[in-house]
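Chains as they are written, first to last, in this note's numbering: chain A, 67 to 377; chain B, 67 to 377; chain C, 67 to 377. Every residue, glycine too, gets a C-beta built ideally from N, C-alpha and C. Predicted model, so just to flag it, every value in this text is computed and none were measured.
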Amino acid sequence: MKKYTEIQDIPNIQDAIKEAILLKMDPFEYKELGKNKTLVMLFFNASLRTRLSTEKAAKNLGMDVMSLNVNEAWQLEFDDGTIMDANTSEHVKEAAQVISQYADVIAVRAFPSLKDKAKDQSEYILKSFEKYATVPIINMESATAHPLQALADAITITELTEKKVPKVVLSWAPHPKALPQAVANSFATMMQEMDVEFVITHPEGYELDPEITKNVPIVYDQKEAMRNADFVYVKNWSNFKEYGQVLNTNPSWMMTQEKLGNAKFMHCLPVRRNVVVEDAVLDSEQSVVIKQANNRTFAAQVVLKNILESL
Amino acid sequence: MKKYTEIQDIPNIQDAIKEAILLKMDPFEYKELGKNKTLVMLFFNASLRTRLSTEKAAKNLGMDVMSLNVNEAWQLEFDDGTIMDANTSEHVKEAAQVISQYADVIAVRAFPSLKDKAKDQSEYILKSFEKYATVPIINMESATAHPLQALADAITITELTEKKVPKVVLSWAPHPKALPQAVANSFATMMQEMDVEFVITHPEGYELDPEITKNVPIVYDQKEAMRNADFVYVKNWSNFKEYGQVLNTNPSWMMTQEKLGNAKFMHCLPVRRNVVVEDAVLDSEQSVVIKQANNRTFAAQVVLKNILESL
Amino acid sequence: MKKYTEIQDIPNIQDAIKEAILLKMDPFEYKELGKNKTLVMLFFNASLRTRLSTEKAAKNLGMDVMSLNVNEAWQLEFDDGTIMDANTSEHVKEAAQVISQYADVIAVRAFPSLKDKAKDQSEYILKSFEKYATVPIINMESATAHPLQALADAITITELTEKKVPKVVLSWAPHPKALPQAVANSFATMMQEMDVEFVITHPEGYELDPEITKNVPIVYDQKEAMRNADFVYVKNWSNFKEYGQVLNTNPSWMMTQEKLGNAKFMHCLPVRRNVVVEDAVLDSEQSVVIKQANNRTFAAQVVLKNILESL
């Protein structure tokens, strides 16, 4: 693997999942691999799981880790040709090249604005680092994608499925604030790569980017969509067409124990209890969100391992 | 030791003190003990000594350390059954379980509000982490207690006493802002476990929690309380009865060289010069505050060592 | 080296440059030297290159690194004899002594106010740490000096010069905000120690501290100053006489490809494109700013190595 900015960077997803499961059994086996190698993690936004699990993964491999909250450095300019006489004091051209000299791998978290669709869809922050950095880039959640989360999700489904071809449902949930589509996008992309029956359910008008969902069945009736589901992945996203709007907060879309049936409940976390999902689900044995979060470490570790091996 | 959220978690305080003094003589002796073990430090509040000394202690034992300022992650919910449609975006139930998977030990700093007495006294933040985490918890100062500080204080008195049973006085001091009772509480608890003559002095009405001070003599006349003292621990705390109020800023309670006599001066730091204590005291040989701060490392190290040995 | 707060702390600059170039060829050669040694980095201000390169340098030497943003701790008092009943809650006397016990080396970044000239010139923050700390201090840019940058600059010129005595020009540039004189000061000091022909050019009235520039030729005509230059170091600084004022933003002082001729372009970064220098310069082969930034690691590493060897 030369980088991990999108799921497509994984040459063989089944192999990556198997390798992650092996790493989980012996996390420190490759502790020599990262010796004298440094991961720099750049945060434009808040993080808990991603920050801790990615750092843990790197240290499991013997790497050094340096973290930078970008707001503790300089406000970055991303446009070309700008006369930088206003708020930005450093161009990403310089920043990315400079940081590459202190790092063997750079990981970047940069959420979308949810205001300017074209700009968000352009992935200008992530792509700028890809363009100007001279070391591999890892996406720790960008404007439109969260591939480390999707890999952890795939590992979790592989570990827990009792069927050869489980039914997996991505179910939209209400939320008071505008959230990115990134997690849903990457989960939908990943499921299309897996040997699963995959269905998406959400209120009409809440369609994700059709270039991502492609031919995945979209069922507006949540109950129908979830029939005989083995895994239900619940996630809010703000409207994609009416970009970034919160047009629906209908609590009937909240996941409940009754609706869930015998399926396993998945969520990337953080999750708002009794808004996105009721307590009874999260507190039941059917919830696998904690295991999912644990797999964040091994998703990051398999990615880092493969990148280190390619250096 | 299975955790260190309160002084009572130490099975034998004299043994812990002796062990800390041995660690101080050879801080890196147990560098193999923490190999491949990770301490996650969670800060809800500001920290200087605690952050640096606890991290140093962990690294002396060969541990990896990951720090998270909670305000750089998600605002946590602590109540059960809440419909989380307002400011909090992650429940401590999830957060504590998730972080436990990236950590072998979790250390938490969470100050009181000093506004809601019942809530502060419930120690809901610390207790929530204790309840939901699946790894040992260390208290880096909670609403009502600062047991790492108290252990450092006990080490300091043990190292410096010239008597078998020294007289130790805890003396309240004025301060412009409302401060927690935590340090005073833990010091008072610790002194009752030590072979010392212990007296508390403060203005009338500034009584600490009687469940903590128990039968310790309380003398409202500072001069009388300090007669023949060997160690005087000076500390402000806001009113406990009129909870969190600053009812007294009488400068006559400030510690002076004259009042101190031949006693050694102790304080947990940070200290406001010429408000809590005059320069002449802090700049004299009788001040042991720097030595106290140094012992923070070895207090944390003996706690971490014992927890690591119990894993 | 016992400390590195100013360029004069380097006993022999040519030797230090040579040693840095050797370290760059084999960065991990002295990985045993820093074993069980800790660098504490204290930031009063924003940082990108300095934070990452200094941490990288320390880790290349096998040191542990602990970083503290001072605003996440306590507001420090620097004056003697103050009654600390206002905003400051800890005196640097205590802070510096305490941190010294958790550190083998302390590095400090503390920018000037650019409002109170006498106070800034007194270097009260850096000097207070020097005075009260009991371990060596490294200056990561203070009110008036940035000696790590100047050492990186000297390494860069040494590596890239094609002449025995190159001509080096320090050229002022416009900038919308008031910036410190620190980088210009340290560069000017360093150039006087090197075997170069050194000229400074800036608008009239923008003279740096004459105690720093001494007998260096100052030429107000930028074109004349730059004639036959081999290296042009471009940098804004706010007015020194009319202290901290931005009296000139004349864009004709911006560096252009045309003015640069065949010289190499240097800047400490971050740089405002098309304000300080036009894109064409930064994007050309003549720009050596990325190499300069890389040398920050080896400047810090040679300083740390020499300090560690003196412990």
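Residues near residue i in its chain [Cβ-Cβ closer than 7 Å; skip 5 each side]
i: A/Leu366; result: Leu is not the amino acid found at residue 366 of chain A; the sequence shown has Ala there. Answer for A/Ala366: Ser119, Thr120, Ala123, Leu214, listed in chain order.
i: B/Asn328; result: none
i: B/Lys125; result: Val131
i: A/Ile87; result: Ile221, Glu225
i: B/Val285; result: Val265, Thr267, Ala291
i: A/Gly100; result: Ala124, Leu127, Gly128, Met129, Leu374
i: C/Thr154; result: Gln141, Leu142, Glu143
Pair within 8 Å by beta-carbon distance, residue i and residue j
i: C/Met321; j: C/Ala239; result: yes
i: C/Asn340; j: C/His241; result: no
i: B/Val174; j: B/Val201; result: no
i: A/Gln358; j: A/Met332; result: yes
i: C/Asp296; j: C/Lys330; result: yes
i: C/Ala216; j: C/Glu189; result: no
i: C/Glu259; j: C/Ile73; result: yes
i: B/Ile266; j: B/Thr255; result: no
i: B/Ala176; j: B/Asn111; result: yes
i: C/Phe306; j: C/Asp349; result: no
i: A/Lys90; j: A/Phe364; result: yes
i: C/Glu160; j: B/Leu245; result: no
i: A/Asn102; j: C/Phe94; result: yes
i: C/Met206; j: C/Thr116; result: yes
i: A/Leu114; j: A/Leu370; result: no
i: B/Ala406; j: B/Ala211; result: Given that chain B is displayed from residue 67 to residue 377, the structure contains no residue 406 of chain B and the question cannot be resolved.
For residue i, the three-state DSSP class (helix, strand or coil)
i: A/Ile356; result: helix
i: A/Val286; result: Residue identity differs from the one stated: residue 286 of chain A is Tyr in this sequence, not Val. It is coil, neither helix nor strand.
i: B/Asn205; result: strand
i: A/Phe364; result: helix
i: B/Ala54; result: Here chain B comprises residues numbered 67 to 377, so residue 54 of chain B is not present and cannot be evaluated.
i: B/Arg175; result: strand
i: A/Glu277; result: helix
i: B/Trp319; result: helix
i: B/Phe110; result: coil
i: B/Lys103; result: coil
i: C/Leu217; result: helix
i: B/Ser350; result: coil
i: A/Lys197; result: helix
i: C/Ile76; result: coil
i: B/Met332; result: strand
i: B/Lys125; result: helix
i: A/Asp170; result: coil
i: B/Glu85; result: helix
Contacting residues, own chain, Cβ-Cβ under 8 Å from residue i (five flanking each side not counted)
i: C/Asn135; result: Phe109
i: C/Glu156; result: Ala139, Trp140, Gln141, Leu142, Glu143
i: B/Met132; result: Thr104, Leu105, Val106, Met107, Tyr168, Ala169
i: B/Lys69; result: Asp75, Glu196, Pro202, Ile203, Ile204, Ile373
i: B/Asn316; result: Pro240, Pro269
i: C/Val158; result: Leu142, Glu143, Phe144, Ile191, Ser194, Phe195, Tyr198
Whole-Å CB distance - residue i paired with residue j, under 8 Å assumed
i: C/Glu263; j: C/Lys233; result: 4 Å
i: A/Met129; j: A/Asn372; result: Between A/Asn372 and A/Met129 the Cβ distance is about 14 Å, and since that is not below 8 Å, they are no contact.
i: B/Ala152; j: B/Ser194; result: The pair is not a contact, with the Cβ atoms about 18 Å apart (cut-off 8 Å).
i: C/Ser237; j: C/Ala291; result: 7 Å
i: C/Val355; j: C/Val342; result: Rounded, the Cβ-Cβ distance is 11 Å, inconsistent with contact.
i: B/Ser304; j: B/Leu180; result: 6 Å
i: B/Val231; j: B/Asp261; result: 6 Å
Contacts around residue i, its chain only, beta-carbon distance under 6 Å, and the 5 residues preceding and following it disregarded
i: A/Asn361; result: Ala218, Ile221, Thr222
i: A/Val164; result: none
i: B/Ser166; result: Ala199, Thr200, Val201
i: A/Ala82; result: Ile76, Val368
Any C-beta of chain E under 8 Å from that of residue i
i: C/Ile356; result: The question asks about chain E, but that chain is absent: this structure's protein chains are A, B and C.
Near-chain A residues of the stretch 80-100 of chain B (beta-carbon distance less than 9 Å), N- to C-terminal order: Cβ contacts with chain A: none found.
Please list the residues of the stretch 162-190 of chain B that have a C-beta atom closer than 7 Å to any C-beta atom in chain A, keeping them in chain order. Under the 7 Å Cβ criterion, the stretch 162-190 of chain B contributes Gln163, Val164, Ile165, Gln167, Tyr168.
For the stretch 333-351 of chain A, which residues have a beta carbon sitting closer than 7 Å to at least one beta carbon of chain B? When C-beta distances to chain B are compared with 7 Å, the residues of the stretch 333-351 of chain A below that value are Leu335, Pro336, Val337, Arg338, Arg339, Asn340, Val341, Asp345, in chain order.
Going along the chain, which residues of the stretch 99-120 of chain C sit with their C-beta nearer than 9 Å to a C-beta in chain A? Answer in chain order: Phe109, Ala112, Ser113, Leu114, Arg115, Arg117, Leu118, Ser119.
Any residues in the stretch 242-259 of chain A with a beta carbon nearer than 7 Å to a beta carbon of chain B? Which ones, in chain order? Contacts with chain B (Cβ-Cβ distance below 7 Å) from the stretch 242-259 of chain A involve Pro242, listed in chain order.
Please identify, using Cβ separations under 7 Å, the residues of the stretch 127-141 of chain A that lie next to chain C, in order along the chain. For the stretch 127-141 of chain A, which is checked against every Cβ of chain C, the residues closer than 7 Å are Asp130, Met132, Leu134, Glu138, Ala139, Trp140.
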